[in-house]
Amino acid sequence: MDLTHIVVMGVAGCGKSTVATALAERLGWPFCEGDDLHSEANRAKMRAGTPLDDDDRAPWLAALRDWMSEQAVAGRSSVLTCSALKQGYRDVLREAQGEVYFVHLAPPTDLNAERIAAREDHYMPATLLDSQLEALEELAPEEAGMVVRTGAGPEEVVELVLAHLAQRT
Numbered sequence: 001m002d003l004t005h006i007v008v009m010g011v012a013g014c015g016k017s018t019v020a021t022a023l024a025e026r027l028g029w030p031f032c033e034g035d036d037l038h039s040e041a042n043r044a045k046m047r048a049g050t051p052l053d054d055d056d057r058a059p060w061l062a063a064l065r066d067w068m069s070e071q072a073v074a075g076r077s078s079v080l081t082c083s084a085l086k087q088g089y090r091d092v093l094r095e096a097q098g099e100v101y102f103v104h105l106a107p108p109t110d111l112n113a114e115r116i117a118a119r120e121d122h123y124m125p126a127t128l129l130d131s132q133l134e135a136l137e138e139l140a141p142e143e144a145g146m147v148v149r150t151g152a153g154p155e156e157v158v159e160l161v162l163a164h165l166a167q168r169t
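Residue numbers (full-length UniProt numbering): 1 to 169.
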């Protein structure tokens, strides 16, 4: 497989961080928690229950794209998390050097809500789930990626993703 960046995407509570961390460990690739690259202003806005707009997200998406390109320049594939809710956001991420492949985690909505409610010390409140679901644009046929529509545990999801990736090579 050439240099590939796997972007684990989806709405809050879908399991992005857990699955992406496990994928990175299994593949031996660097991992970036996309939320860590949000500005403090973005975090404060989300903590207050205010959805981010495209202007808020633009520098964040550019930082994620640049992180992937830095990995590619160093000869590394990578795994990162990003909600990547809109095709336009994914277009920015695809500007990174190397192939960008999206893994859209789409478990049942009630499971997302339960997971968010169970979180402690996270700035993304459950009240923003509806706005994320409204903003979500499914992967288009021409976008490299896969959708995982299951509430299965992280290890099972990782196995599904790895099997799918193996079929691509």
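The beta carbon of each residue, even a glycine, is placed where N, CA and C say it ideally should be.
In the three-state DSSP reduction, Leu64 falls in the helix class (H, G or I).
Nearest neighbour of Gln71 by Cα position, chosen from His38, Ala163, Ile6, Gly153, turns out to be Ile6. Fewer than three pairs of CB atoms, one per stretch, sit closer than 8 Å, so the segment 60-75 makes no contact with the segment 136-144. Counted as a single uninterrupted DSSP element, the beta strand (DSSP E) harbouring Thr81 occupies residues 78-81. When the Cα atoms are used, Arg57 and Gly34 turn out to be separated by approximately 12 Å.
In this structure, Val158 sits near Arg26, with a CB-CB distance shorter than 8 Å. Rounded to whole angstroms, Ala106 and Leu136 show a C-alpha spacing of 11 Å.
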